[in-house]
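Just below is one structure, and these are the notes that go with it.
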Amino acid sequence: MFGENKPACKQCPVHCYQPAKREEMKQIMRWAGPRMLWRHPILTVRHLLDDRRPVPPLPEKYRPKK
17 MFGENKPACK QCPVHCYQPA KREEMKQIMR WAGPRMLWRH PILTVRHLLD DRRPVPPLPE
77 KYRPKK
């Protein structure tokens, strides 16, 4: 849907996971996030920059109908 412009998961208006799985992913990221800094520092910086990028608008065909 967004392709290259997909925002970080916590900012994305489209949720790829069901609510229960989304909570599980939050727990996983809370555990893995701090460790990522030591194992993959460049990816960590890129992820943090990704969080600051503005969220693109939803494509027209995915917007809720009024």
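My numbering puts the sequence shown at residues 17 to 82.
Where is the CB? At the ideal position from N, CA and C, for every residue including glycine.
Since the model is a prediction, treat every value here as computed from it, not as a measurement.
Expected contact under 8 Å - CB spacing of residue i and residue j to nearest Å
i	j	result
Lys22	Cys28	7 Å
C-alpha gap between residue i and residue j, whole angstroms
i	j	result
Gly19	Pro80	20 Å
Tyr78	His56	34 Å
Tyr33	Glu40	10 Å
Arg51	Asp67	18 Å
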